[in-house]
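There are 2 protein chains.
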Amino acid sequence: MTDGVVERSRPRDRILETARDMFHKHGIKGVGVDAITEAAGTNKMTLYRHFESKDELIVECLRANAAKAGAMWDAFEAEFPGDKLAQLHAWVRKAAAMLNADGRGCDMANAAAELTEPDHPARLVIRELKEVQRQRLVTLCRDAGIGQAELLADTLSLLFEGARVSVQTVGAEGPSTQFVRMAEGLIVSFRGTAAG
Amino acid sequence: MTDGVVERSRPRDRILETARDMFHKHGIKGVGVDAITEAAGTNKMTLYRHFESKDELIVECLRANAAKAGAMWDAFEAEFPGDKLAQLHAWVRKAAAMLNADGRGCDMANAAAELTEPDHPARLVIRELKEVQRQRLVTLCRDAGIGQAELLADTLSLLFEGARVSVQTVGAEGPSTQFVRMAEGLIVSFRGTAAG
DNA sequence: TTGCATAGTTACAGACCGGTAACACCCTAG
DNA sequence: CTAGGGTGTTACCGGTCTGTAACTATGCAA
Chain F
1 MTDGVVERSR PRDRILETAR DMFHKHGIKG VGVDAITEAA GTNKMTLYRH
51 FESKDELIVE CLRANAAKAG AMWDAFEAEF PGDKLAQLHA WVRKAAAMLN
101 ADGRGCDMAN AAAELTEPDH PARLVIRELK EVQRQRLVTL CRDAGIGQAE
151 LLADTLSLLF EGARVSVQTV GAEGPSTQFV RMAEGLIVSF RGTAAG
Chain S
1 MTDGVVERSR PRDRILETAR DMFHKHGIKG VGVDAITEAA GTNKMTLYRH
51 FESKDELIVE CLRANAAKAG AMWDAFEAEF PGDKLAQLHA WVRKAAAMLN
101 ADGRGCDMAN AAAELTEPDH PARLVIRELK EVQRQRLVTL CRDAGIGQAE
151 LLADTLSLLF EGARVSVQTV GAEGPSTQFV RMAEGLIVSF RGTAAG
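Quick mapping for you: the protein sequence lines, in order, are chains F and S.
Counted from 1, the first sequence has number 72 at position 72 by the UniProt record's numbering; the numbering is strictly sequential.
Counted from 1, the second sequence has number 99 at position 99 by the UniProt record's numbering; the numbering is strictly sequential.
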């Protein structure tokens, strides 16, 4: 898929999807609204009829990303209903797959790196959405019967976050190759300790 | 320290130092050369006499950062001469201190997030410099008599990298608070396995 | 005193940025 | 058939960006 996403759907959806793709590939400040609308097969006026500013478009893109991530969690539950430990391992596999998907890190983290104004609207939603994801992982670990669920969840999440930026800086052949091994080792090690 | 770094040194040094500071705080694309030269107490022509482009200035800033990081490693050796394990613990403490220093992550990682063109000159030096740092940590772990030195070094480095972006996204009260605990636990655990 | 390298000043080029105004077009609902 | 909302088109605004030209001022060294 190049930048030209011009399926026939409603302009707002095309703009949102195209912006998500282009922000991901080229960064937020690396893409202008003209380029987005052109790739989406529409024009600037239509964009500004649906989004009051580029900043609002950015926020909506981040929310759309989070929604997609939420669907991922639901897929784990659907695939291994009730088996929380299996879902945790599925999370590890999915995370590893994302590392090899492309060399770009987490869109939220990248956005946070670019948008430095402390009160930028995007910063609030990033914080909020990241907090949700953290909580989901903590809950999963706890429900999987792991003792220090918060500590394991936070460790896994830091490892994953670190692996994503590592891929972005040194490439997929760097430290991130060991991610699955690290994560699985941690889970084993935490399961060995006293469970709830 | 605000953005105005106007000590009386040679213009090139002032520009480099000011650019480093401003790139760190506001991101690379968030700072123009005009703003840099003004904060450095000089002017655009002088900048372009010393650096052939903004891209070259960026690269020089990253190299300066790496040099500062190199000095940090030398400080460990100076403080605990020959005691590699103590140096490893010093690295953990230093890393934790950097987490609480300010809410901005690693300049190299941030630059990689912003500069998405695959053949951007900065991407080469980022890769090169990150590789050097990785190797230093691996060597330190190995010389500290740890068995799976590469695995420990890579795990610690992913944890640290992840903690830095976590601070940038959810703040210093997020998962990164557990960094020292995680790192120390890992070192203990790896020392328990067969050593070199 | 002369000569030269370094640095400062002003102005500008050319491109791109986010955002808006005014107006013409279509499609569909009534 | 008609009215109106969503869409497309063109042109524009003011601002900022990197990078350069032409010229002046400064300080040091022979």
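Even for Gly, the Cβ is constructed at its ideal location relative to N, Cα and C.
Comparing the C-beta of residue i with each C-beta of chain S, is any distance below 8 Å?
i	result
ILE126 (chain F)	yes
ASP21 (chain F)	no
PRO175 (chain F)	yes
LEU151 (chain F)	yes
VAL165 (chain F)	yes
ASP3 (chain F)	Because the pLDDT at ASP3 (chain F) is just 45, under 50, the model does not fix this residue reliably, and the value given afterwards should be weighed accordingly. No, its Cβ sits nowhere closer than 8 Å to a Cβ of chain S.
VAL170 (chain F)	yes
GLU131 (chain F)	yes
GLY147 (chain F)	no
THR116 (chain F)	yes
So is residue i in contact with chain F if we call contact Cβ pairs under 8 Å?
i	result
ASN110 (chain S)	yes
PHE160 (chain S)	yes
residue 216 (chain S)	Residue 216 (chain S) cannot be examined here, being either before or after the span of chain S that is shown, 1 to 196.
THR18 (chain S)	no
MET182 (chain S)	yes
residue 200 (chain S)	This structure cannot settle anything about residue 200 (chain S), because the visible part of chain S is limited to 1 through 196.
ARG134 (chain S)	yes
ARG67 (chain S)	Per the sequence shown, the amino acid found at residue 67 (chain S) is Ala instead of Arg. No, ALA67 (chain S) does not count as interfacial toward chain F.
residue 200 (chain S)	In the structure displayed, chain S extends from 1 to 196; residue 200 (chain S) sits before or after that span and is not available.
THR193 (chain S)	no
VAL6 (chain S)	With a pLDDT of only 46 at VAL6 (chain S), under 50, the local geometry of the prediction cannot be trusted, and the value read off the model is given with reservation. Chain F contact via Cβ: absent.
GLY105 (chain S)	yes
THR155 (chain S)	yes
VAL188 (chain S)	no
Nearest to residue i by alpha carbon, out of the options?
i	options	result
PRO121 (chain F)	F:VAL33, F:VAL59 and F:THR42	F:VAL59
SER9 (chain S)	S:ALA40, S:LYS84 and S:ILE126	S:ALA40
VAL167 (chain S)	S:SER189, S:LYS44 and S:ALA101	S:ALA101
THR139 (chain F)	F:ASP21, F:GLY82, F:PHE51 and F:TYR48	F:GLY82
GLY192 (chain S)	S:LEU57, S:CYS106 and S:ALA144	S:ALA144
VAL125 (chain F)	F:ASN65, F:ARG142, F:PHE190 and F:GLY171	F:ASN65
GLY147 (chain S)	S:SER189, S:ALA163, S:GLU17 and S:ARG93	S:SER189
LYS130 (chain F)	F:GLY27, F:ASP13, F:GLY70 and F:LEU16	F:GLY70
MET98 (chain S)	S:THR177, S:ILE15 and S:PRO11	S:THR177
VAL170 (chain S)	S:ALA149, S:THR116 and S:GLY105	S:GLY105
VAL164 (chain S)	S:GLU52, S:TRP91 and S:ALA109	Correcting the residue type first, residue 164 (chain S) is Arg in the shown sequence and not Val. The shortest C-alpha separation from ARG164 (chain S) is found at S:ALA109.
GLY103 (chain F)	S:TYR48, S:THR116 and S:ASP74	S:THR116
residue 213 (chain F)	F:VAL132, F:ARG127, F:GLU17 and F:GLY185	This structure cannot speak to residue 213 (chain F), because chain F is shown only from 1 to 196.
GLY27 (chain S)	F:ARG127, F:ALA111 and F:ALA183	F:ALA111
GLU128 (chain S)	S:ARG63, S:ALA86 and S:LEU186	S:ARG63
ALA183 (chain S)	S:ARG123, S:ASP119, S:ALA35 and S:ARG93	S:ARG93
LYS44 (chain S)	S:ASP34, S:GLU52 and S:SER53	S:ASP34
LYS25 (chain S)	S:ASP107, S:TRP73 and S:LEU88	S:ASP107
ALA149 (chain S)	F:VAL132, F:PRO175 and F:ARG20	F:PRO175
Do residue i and residue j have their C-beta atoms closer together than 8 Å?
i	j	result
LEU137 (chain F)	LEU156 (chain F)	yes
ARG134 (chain F)	ALA153 (chain F)	yes
MET114 (chain F)	ALA172 (chain S)	The displayed chain sequence assigns Glu, not Met, to residue 114 (chain F). Result no, Cβ atoms of GLU114 (chain F) and ALA172 (chain S) do not sit closer than 8 Å.
LYS179 (chain F)	ALA96 (chain F)	This sequence places Phe at residue 179 (chain F); Lys is not what is there. In contact: PHE179 (chain F) and ALA96 (chain F) (Cβ atoms closer than 8 Å).
HIS50 (chain F)	ARG14 (chain F)	no
GLU161 (chain F)	GLY162 (chain S)	yes
LEU88 (chain S)	CYS141 (chain S)	yes
Following the continuous alpha helix (DSSP H) through residue i, name the residue where it begins and the one where it ends.
i	result
VAL188 (chain F)	179 to 192
LEU57 (chain S)	54 to 79
GLU17 (chain F)	11 to 26
GLU150 (chain S)	149 to 170
PRO121 (chain S)	121 to 143
ILE36 (chain F)	33 to 39
ASP107 (chain F)	107 to 114
residue 199 (chain S)	Outside the displayed range of chain S (1 to 196) lies residue 199 (chain S), so it cannot be described from this structure.
THR46 (chain S)	44 to 50
Review point. According to a CB-to-CB cut-off of less than 7 Å, which residues of the stretch 25 to 38 of chain S neighbour chain F?
Key: LYS25, HIS26, GLY27, LYS29 and GLY30
Check your understanding: If you measure beta-carbon to beta-carbon, which residues of the stretch 70 to 96 of chain F are closer than 8 Å to chain S?
Key -> none
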